[in-house]
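Novice: Chains as they are written, first to last, in full-length UniProt numbering: chain A, 1 to 682; chain B, 1 to 682; chain C, 1 to 682. We put the beta carbon where it would ideally sit given N, CA and C, even for glycine. Computed from a predicted structure; not experimentally measured.
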Amino acid sequence: MHERVLFGAAYYHEYQPNDRLELDLDLMAEARFSVIRVGESVWSTWEPENGRFDLDWLQPVLDGAHSRGIAVLLGTPTYAVPPWLARLYPEITGERKTGQRIGWGARQEVDFTHPGFRFHAERVIRKIVERYADHPAVIGYQVDNEPGNELLHNHGVFQRFVDSLRHKYGDVQTLNDEWGLVYWSHRLSDWADLWTPDGNVQPQYDVAWRQFQADQTTEFIGWQADIVREYARPDQFVTTCIAYDRPAVADDELVRRLDLTAGNPYYSMQDGLQHPHAGSASQGWTTNGTWALYLSADRMYSSKQSPFLVTETNAQAIGAPWQNRPAYDGQWRQAAWALVSRGAKMIEYWHWHTLHFGTETYWGGVLPHSGQPGRMYREVTQLGAEFEAAGSLVADLTPDSDVTMLYSTPSKWLMQKYPALAHADGSPDERSYHGFFDAFYRGAFDAGLQVRILHTSQFTGSVQDAPVLVVPALYLADTELLDQLVAYAEAGGHLVVGPRTGYADHEARARTDVQPAKLAAAAGVWYDEFSNVSVDVPVRGTGLELGTGAAGSRWIDGLTVDGADVLVGYDDPHFGRWPAITSRAHGSGRITYVGTVPNPALSAALFRWIKPAAWTDLPAGVTVTSATSADGRRIRFVHNWSWDSVDLKLPGPAHDVLANQPTNGKLDLGPWDVRVLVEPDQ
Amino acid sequence: MHERVLFGAAYYHEYQPNDRLELDLDLMAEARFSVIRVGESVWSTWEPENGRFDLDWLQPVLDGAHSRGIAVLLGTPTYAVPPWLARLYPEITGERKTGQRIGWGARQEVDFTHPGFRFHAERVIRKIVERYADHPAVIGYQVDNEPGNELLHNHGVFQRFVDSLRHKYGDVQTLNDEWGLVYWSHRLSDWADLWTPDGNVQPQYDVAWRQFQADQTTEFIGWQADIVREYARPDQFVTTCIAYDRPAVADDELVRRLDLTAGNPYYSMQDGLQHPHAGSASQGWTTNGTWALYLSADRMYSSKQSPFLVTETNAQAIGAPWQNRPAYDGQWRQAAWALVSRGAKMIEYWHWHTLHFGTETYWGGVLPHSGQPGRMYREVTQLGAEFEAAGSLVADLTPDSDVTMLYSTPSKWLMQKYPALAHADGSPDERSYHGFFDAFYRGAFDAGLQVRILHTSQFTGSVQDAPVLVVPALYLADTELLDQLVAYAEAGGHLVVGPRTGYADHEARARTDVQPAKLAAAAGVWYDEFSNVSVDVPVRGTGLELGTGAAGSRWIDGLTVDGADVLVGYDDPHFGRWPAITSRAHGSGRITYVGTVPNPALSAALFRWIKPAAWTDLPAGVTVTSATSADGRRIRFVHNWSWDSVDLKLPGPAHDVLANQPTNGKLDLGPWDVRVLVEPDQ
Amino acid sequence: MHERVLFGAAYYHEYQPNDRLELDLDLMAEARFSVIRVGESVWSTWEPENGRFDLDWLQPVLDGAHSRGIAVLLGTPTYAVPPWLARLYPEITGERKTGQRIGWGARQEVDFTHPGFRFHAERVIRKIVERYADHPAVIGYQVDNEPGNELLHNHGVFQRFVDSLRHKYGDVQTLNDEWGLVYWSHRLSDWADLWTPDGNVQPQYDVAWRQFQADQTTEFIGWQADIVREYARPDQFVTTCIAYDRPAVADDELVRRLDLTAGNPYYSMQDGLQHPHAGSASQGWTTNGTWALYLSADRMYSSKQSPFLVTETNAQAIGAPWQNRPAYDGQWRQAAWALVSRGAKMIEYWHWHTLHFGTETYWGGVLPHSGQPGRMYREVTQLGAEFEAAGSLVADLTPDSDVTMLYSTPSKWLMQKYPALAHADGSPDERSYHGFFDAFYRGAFDAGLQVRILHTSQFTGSVQDAPVLVVPALYLADTELLDQLVAYAEAGGHLVVGPRTGYADHEARARTDVQPAKLAAAAGVWYDEFSNVSVDVPVRGTGLELGTGAAGSRWIDGLTVDGADVLVGYDDPHFGRWPAITSRAHGSGRITYVGTVPNPALSAALFRWIKPAAWTDLPAGVTVTSATSADGRRIRFVHNWSWDSVDLKLPGPAHDVLANQPTNGKLDLGPWDVRVLVEPDQ
């Protein structure tokens, strides 16, 4: 689609205190910008009063961009409702609990399923898109923005939830049986008996409720996309920008209604990008650690199993007034190339300016508050030149992968309310799903391997596509999927199973099988008990090489070996009776079972055993990742995530893409530096 | 009543996905189970719709149990209201604050004082009990379940609270005077002026409010017990199962309406049972530390000053999905014997199965989710055999005691809202009453002494019954009780007084006396100031032998000696002017005053001075407790709460009850091991 | 006005369980008390029912006081509404959020702007003041008590807020422009569109909302003062007692409606008074650290730039039942003399008794609960004798100052919602304004300098009044004020600018200038980026002498030097490119820019460079402060804030005021000791 990686920023000229449109666009052009995103936040500007529209103000922006060869991504403004609409129909206000309305004054306060909202949203969408669809600058549309921000408890939403259960289960007796409502006297006599979600403590209810909430988001975005498509040109795409941490988003389902995946990866800069990662900062809507930046990229690729747009990512600072941490020199380039290496076709900063008013005054843009180009602009300009130098070679990459990991959004949701893991202080860890998942992902990353993430909905069982398949914490799984996993191993795949996988069925009912349910026989291990642990339990390797400090953590399955080989055992008077990691050949393949959350040292050791990295003996802070270009060439990205300059001997011939010169077998990288290499065709 | 300790589990066949009744009962019989508890959680099964009853489903369970010699404890199902009832009368929903209803979806959401609830509860109770009272398996009834879970703020509850004040105080002027309502302009002109408890900050109000709440629970449980007794056979008992940490329970008052005490002690397993206790985990509805397990047993004995039933206790795991910590081998046996040694006549696990659905999916039962006997079943089976071997000798024990401690539920309540102690970070410690009480209990336990706990309502002043009486934190006390304490010492008792005792009267009004009020003269010390302390203040002994590390902590009374001997002083430039512990002979007895929260080392030293343990020089992890059997013999329980095997020389002849062999003066215990010894008649 | 420092306590005889009026007053007289405060808390005693008044009960207190030469400060009782009034008009209940009423049961629950409240408040005020205005004991009035405790969200309050915006901005279009309401679709079409403050996240709204709330407090107190003045004698003053941490108080504006400033400084005792301050305890309504006690005194002086009354300060304990920390011997005297040295004309403890009931039972008074004089009474009696000995010499002091600091209440407010600083765990620090301000204040204090605090409203630009002016965190500032700062330096002042100063305009809009806005050129440095830092960044001095451990902390401006000299730089691979502190001569003066929150070592070093202390080489725990007496003499206060006795050589001749003897050039101070010296006229 594009000759080079799309490069740019969200651009809100309407937020500026002075007219500086020409200056801004000239600066962008100088930085080799090729795209801007506009218009998605200002419904009250598009429609200052009920039914009175003001559509022309954007024209100069689109014209100015077009005249400089900058493309435009046009947004629909539905995520921020105008005050007049909030005043006219207070019933459209979202409710966080039954009857408890979200206060107005921010954005995304609305029950977007309410017809009173839909009527007005549709009207303004049609006006805007009709007005600008033909503008030559417009290459695509973003409908709404970071949807799925709330679990809506409004009356209508709940009633439709009950309807959806009625349609699915038919009668209350079936629901009583499927959900085990005999428990604690919850059996319904009629659909009207169903309690609202506020007080609910039953996991089975929660499974349905979270899926229903995500369905609302998918339906809403799909509805918008369909409206926009009535006006869009065939060469224009429709997408939305996904914040992957939002509670009501099933990204794989959502993107089916869209042409492209677009996501907003935010990451901690400065020491937050050190590798190996030493900090204990937790993950959230911003990631912490280099490995976590790659994980967010791989999740974006996974939504549609294809290259994606980065609609927003860190400019100078990310978030609240007390969280300013602009990058060290080099880090913006590093992060951008990291994203591109994992399939990003666009890098768009949030945002060009820095706001002078409003909540996000300290969400620093490419330009500081002064509006004068500063350090980040200089860094961005260098990056723009690099993208131009690399051109189409890196514009549509397929990221390489050594191992595949299976991702289960429903398991993630359920563990938010019913976490299997505790924090160090004993309190529940609402990110327990990622507590398991990330430990494996990071181990692979630290071992120099690359990961493809597959949603369970995307899993075909193909061994060729995924010679190694890692499946931790697949807590909710129907029997068909579990059988498919065994068949995958039988067909030659290396299935690596982590704790909690297969434990419950699709209704979150603990299975009556010996665990891991449906997998135990083929894996050659089973368990019927398990334990949380507060301190790491040291391990000793019998079947693989461990570095110092390897340990199990947080969770231990009490594995009984029944045919498998023991790779790793615990050094503990109680847990020592059970192995930590086992492996067993099954059919043409193999099943490795990991009965704990491996700490970083253990996880990296496991993955080194699973598959050696392409390049070994790298200096501590250096990573090498790779991708395949549209024309089939192998591209390598060499990063130095540290303050120490490093020398690197290359294992083979390669061309330095950005310097456009041969490497002569050696690379020297400065602090926080990155190189892009292309290997000769083989 | 019984030939051996009742042994069993709560059994909910109605929760099982498959019919496995015969299998379950056979497994129970094999494990020597003698009792199950049934039926208390499923009102919506007993009465699927308003007025339509389904009473027969339990028959096979009772029949099957009976045929295997397993007795049944039948529950009334009132703690979990059916959805149809919740729908019909929303006004019965409990309110946590005025007008703020508890969400439906769990259990115990109801205002159990509301006549709309009472009507339906009475009807279903009568139906069930009438149906099964004659069944030969039924030995007793549990009415409701863990009552007193909420402080109900419903309109009717509050209005009856005002009525109760009117009845007690007669007119508002009296209330104004008694409660000091001149303060901050709170004087009432009429009963209608009384503010609701939500905003209340006056301690005097809180005293009445908490007692009124507990009265509601007592009345409700008594009301149910009386209904059940209309149907019960004379050989059947009525009880309820008490969770001692519930906010609206006065256990000594509650059990007066019942035939027997029944309680639910839950405790942390694994390292939570290490002795001496090193962890810093706090107490809650689960205890932490071996000493705390004994404390919970002694509190159960105290409710009625008689042996008690353990209706629920840990099976595999206790609580939330992130809190799985099944015991080390041996610990379940250790804990069961510990409870029996302190007067338990029944050990009933919660529960037999592990649930496949619902909130408590990870509240692990005797059987794992697979339903196949595992490690715990094997441990339980060994324990069943041990109970059989010990037989009637241990079935109705009176636990021995070296010291008696006075317990004040109203003082505990008041300190929840007005804590005298802070956490390490300076925030209030809502468990301040136990912050004082536990420090003394644990010191006695660590010194090898056994404790009888007396409620203030049970205190008679008898020196013979209680040669040593320890009274910490008796903050709320009327003058009569304080005078009784002095008389007790005068009559020959050793009264050990801790901080805060006697400080306030029964209305929580600080007394105008020099402190400790009414006790100062006889104790030979007084104070008029006190201080919280954030770091431990080291002490030096002048009158008793201290180990290393002895210190005062959290609170220091500024004691002025006026006739007492100083036993311990502070090593501090400010606090050093005051003694930490003093003692003075008074009449035929003695009053020892402890002006601080003794840390474990100081507290153990104090109790070693008060009374030497029966057996001394025990290995670090070993405890010895004792009880008197129904036939008057002394039984000793020797526990090794550690991973280290130990050898023990016995001070005298004894017979090993479980091995049924003489001990030959020596015992060797493995890790987490226990022995039961009976001494020859003397 | 007075011959010596007024000395006394709040006195609530109406709260006592027994009549002990004569005893109390005798004890006070013996302790040389000269003032009591009465009557402000008991509206329900003044008016037991609607319209029925009981006004005579106070007469004996006033008579008894007067007969002993004790003056009386008479309070109006409006801060605690009687229950009958709360019952009659529930609509006067304050709302913390829209529609969310504060529970009754404490005090200050009322919407004091509501006419239903005003009607009753006015009636009772007139009754009381009319009754007692002529009493010879009464020297002044306190209206209400610690006002501004809540941000009131009542309907009427909000509607008047909208009215105030309408009056200020004229039309919604102007408001849309000024507040940047284009952002996130917030443009209003009509005044009715304005959202309530609950959900607001826009800084511009917050600026107006907080000022409006403070205006309500000022208007209310002024209204009361005006009523009282209708009755007051010319020799009587009117004030209120200010808790400076209350959310709705602009103290400089409030005191314009009053004759005198009166404030309530509470401070942590025991190790909370150690100097230098080592603890990490944070500041709140109680201060922690000696420097912070002086800061609270200097803030009281600043309200009206004149001597002030201390209406309440620590007696035995301050606050909740878990916070008892009565002072070490000497500390009460130290603190009282510290306050006097900074301009206090009255020291009044809260309070004489200790309450036997109510929330504040553990807010220990001068007397303990026993009512018998104890350690504090003895300390107080010594202090009373000292005040008598010092007499008029110290009764009306003007505190000396070496440096002046500019204080911005609006900046403080804004940073409560939009903090620039984070706590160590990354969470926002709601006291961020003081996070900046206090770092500078403490540095000056540690360097032996004294500080005058000026509100921005009081700044005249005079170099003579303020040769050194320190301005940190002046985030909200209009252009005129920034220009005035530059003019001040030009005229010869030494302007010391800290981070965040000038960043935003009066509407909290980030300025479009290069920063520090309007100051950059004259300061010779500018920045356009900045960073929060989690760990201290070490510095190295190039232009001033640093001790060990000097570091920048929490915040770093990325300063580019453009004419200034670099005094201090960072030792860091990233931040090292920028200086930490620069200085540049400007006009006849100088501008020093500090681009970080200096840690204590760096801040003290900075102030040692700015100005040498009067006395140097003091022992570690010793401070010397000074003031000018009414007759123009220099008084010095020498404190030893430690357990170590110290010897001190004096730099010049001085007379020991309290011992009434010459010093002979030497002083020896015991632990927690204080001396008052007067220097001979020069």
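Kindly say whether histidine 186 of chain C, judged by its beta-carbon, lies nearer than 8 Å to any beta-carbon of chain B.
Specialist: Locating residue 186 of chain C in the third sequence gives position 186, counting from the first residue. False, the Cβ-Cβ gap to chain B never drops below 8 Å.
Novice: Along the alpha helix (DSSP H) that carries serine 302 of chain A, what are the first and last residues, could you check?
Specialist: Translated into positions along the first sequence, residue 302 of chain A becomes position 302. From DSSP, the alpha helix (DSSP H) with serine 302 of chain A extends over 290–304.
Novice: In angstroms with no decimal places, state the Cα-to-Cα distance between phenylalanine 436 of chain C and isoleucine 221 of chain A.
Specialist: Reading the third sequence from its first residue, position 436 is the one you call residue 436 of chain C. Reading the first sequence from its first residue, position 221 is the one you call residue 221 of chain A. Computed Cα separation, rounded: 46 Å.
Novice: For a contact meaning CB atoms closer than 9 Å, what does threonine 359 of chain A contact in chain C?
Specialist: The residue you call residue 359 of chain A lines up with position 359 of the first sequence. The contacting residues are Tyr183, Trp184, Val201, Gln202, Pro203, Tyr418.
Novice: Can you tell me whether DSSP reads arginine 37 of chain C as helix, strand or coil?
Specialist: Walking along the third sequence from the start, residue 37 of chain C turns up at place 37. Strand, per DSSP.
Novice: List, from N- to C-terminal side, the alpha helix (DSSP H) runs of 4 residues or more that fit wholly inside the segment 370–445 of chain B.
Specialist: 375–390, 409–417
Novice: Under a Cβ-count criterion, where at least 16 other Cβ atoms within 10 Å of its own Cβ denotes burial, should serine 401 of chain B be classed as buried or exposed?
Specialist: As a first step, residue 401 of chain B is located in the second sequence; it is residue number 401 there, counting from the start. Buried, because 16 or more other Cβ atoms sit within 10 Å of the Cβ of serine 401 of chain B.
Novice: Would you tell me roughly how many angstroms separate the C-alpha atoms of leucine 194 of chain A and glutamine 216 of chain B, rounded to the nearest one?
Specialist: Residue mapping note: residue 194 of chain A aligns to position 194 of the first sequence, counting from 1. Residue mapping note: residue 216 of chain B aligns to position 216 of the second sequence, counting from 1. Their Cα atoms are separated by approximately 29 Å.
Novice: Say whether chain C places a C-beta atom closer than 8 Å to the C-beta of tryptophan 372 of chain A.
Specialist: One-based indexing of the first sequence puts residue 372 of chain A at position 372. The sequence as given places glutamine at residue 372 of chain A; tryptophan does not occur at that position. Closer than 8 Å to some Cβ of chain C, the Cβ of glutamine 372 of chain A qualifies, so yes.
Novice: Nearest chain A C-beta to aspartate 425 of chain C closer than 8 Å, yes or no?
Specialist: By 1-based counting over the third sequence, the position of residue 425 of chain C is 425. Chain A contact via Cβ: absent.
Novice: Taking the alpha carbon of tryptophan 179 of chain A as the point to measure from, which residue in A:Ala491, A:Arg509, A:Pro598, A:Ala564 has its own alpha carbon closest?
Specialist: Residue numbering aside, residue 179 of chain A sits at position 179 when the first sequence is read from its first letter. Nearest of A:Ala491, A:Arg509, A:Pro598, A:Ala564 to tryptophan 179 of chain A, Cα basis: A:Arg509.
Novice: Strictly under 8 Å for the Cβ-Cβ distance: is asparagine 145 of chain A near chain C by that measure?
Specialist: For this step, residue 145 of chain A is matched to residue 145 along the first sequence. No - not a single Cβ of chain C is within 8 Å of the one on asparagine 145 of chain A.
Novice: Residue ranges of each alpha helix (DSSP H) run of no fewer than 4 residues wholly in the segment 485–570 of chain B, ordered along the chain?
Specialist: 520–523
Novice: Would you list the residues sitting across from glycine 140 of chain B in a DSSP beta bridge?
Specialist: If you number the second sequence from 1, residue 140 of chain B lands on position 140. According to DSSP, glycine 140 of chain B bridges with B:Leu73, B:Phe237.
Novice: Span of the beta strand (DSSP E) holding alanine 315 of chain C?
Specialist: Locating residue 315 of chain C in the third sequence gives position 315, where the first residue counts as 1. Neither: alanine 315 of chain C is in no beta strand (DSSP E) and is coded neither H nor E.
Novice: Alpha carbon to alpha carbon, how far is asparagine 660 of chain A from valine 676 of chain A?
Specialist: For the purposes of this step, residue 660 of chain A is identified with residue 660 of the first sequence, where counting begins at 1. For the purposes of this step, residue 676 of chain A is identified with residue 676 of the first sequence, where counting begins at 1. So the two alpha carbons sit approximately 10 Å from each other.
Novice: Spatial neighbours of proline 680 of chain A within its chain, please: C-beta separation below 6 Å, excluding the five flanking residues on both sides.
Specialist: By 1-based counting over the first sequence, the position of residue 680 of chain A is 680. Around proline 680 of chain A: Pro653.
Novice: Compute the beta-carbon to beta-carbon distance between residue 706 of chain B and glycine 502 of chain B, rounded to the nearest angstrom, for a pair I have assumed lies under 8 Å.
Specialist: Chain B is shown from 1 up to 682; residue 706 of chain B falls before or after that span and cannot be answered.
Novice: Could one say the Cβ of isoleucine 102 of chain C lies closer than 8 Å to chain B's Cβ atoms, at least one of them?
Specialist: The count along the third sequence starts at 1 and reaches residue 102 of chain C at position 102. Output row for isoleucine 102 of chain C: interface = yes.
Novice: Verify the CB distance criterion: does tryptophan 179 of chain B have a CB-CB separation below 8 Å to chain C?
Specialist: In the second sequence, the residue the question calls residue 179 of chain B occupies position 179. For tryptophan 179 of chain B, the answer is yes, since a Cβ of chain C falls inside 8 Å of its Cβ.
Novice: How far does the alpha helix (DSSP H) with phenylalanine 161 of chain C in it extend, from its first residue to its last?
Specialist: Within the third sequence, numbered from 1, the residue matching residue 161 of chain C stands at position 161. Taken as a continuous stretch (DSSP letters only), the alpha helix (DSSP H) holding phenylalanine 161 of chain C covers 155–169.
Novice: Between the alpha carbons of aspartate 644 of chain B and aspartate 571 of chain A, how many angstroms are there, rounded?
Specialist: Locating residue 644 of chain B in the second sequence gives position 644, counting from the first residue. Locating residue 571 of chain A in the first sequence gives position 571, counting from the first residue. Between the alpha carbons of aspartate 644 of chain B and aspartate 571 of chain A lies a distance of about 16 Å.
Novice: May I have a chain-ordered list of the alpha helix (DSSP H) segments no shorter than 4 residues that lie completely inside the segment 249–293 of chain A?
Specialist: 251–254
Novice: Of all Cβ atoms in chain C, is any one closer than 8 Å to the Cβ of asparagine 324 of chain A?
Specialist: Indexing the first sequence from 1 puts residue 324 of chain A at position 324. Cβ-Cβ to chain C under 8 Å: yes for asparagine 324 of chain A.
Novice: Could you work out which residues of chain C lie near serine 645 of chain A, taking near to mean beta carbons separated by less than 8 Å?
Specialist: The residue labelled residue 645 of chain A in the question sits at position 645 within the first sequence. Neighbours of serine 645 of chain A on chain C: none; closest Cβ ~12 Å, over 8 Å.
Novice: Got a sec, what are the start and stop residues for the beta strand (DSSP E) threonine 217 of chain C sits in?
Specialist: In the third sequence, the residue the question calls residue 217 of chain C occupies position 217. Threonine 217 of chain C -> not in any beta strand (DSSP E); alpha helix (DSSP H) instead, spanning 203–229.
Novice: Is it right to say residue 713 of chain B is buried, meaning 16 or more other beta carbons lie within 10 angstroms of its own, or is it exposed?
Specialist: A question about residue 713 of chain B goes unanswered here, because the residues of chain B that appear run from 1 up to 682.
Novice: Consult DSSP for glutamine 173 of chain B and reduce its assignment to one of helix, strand or coil.
Specialist: For this step, residue 173 of chain B is matched to residue 173 along the second sequence. In the displayed model, glutamine 173 of chain B falls within a helix according to three-state DSSP.
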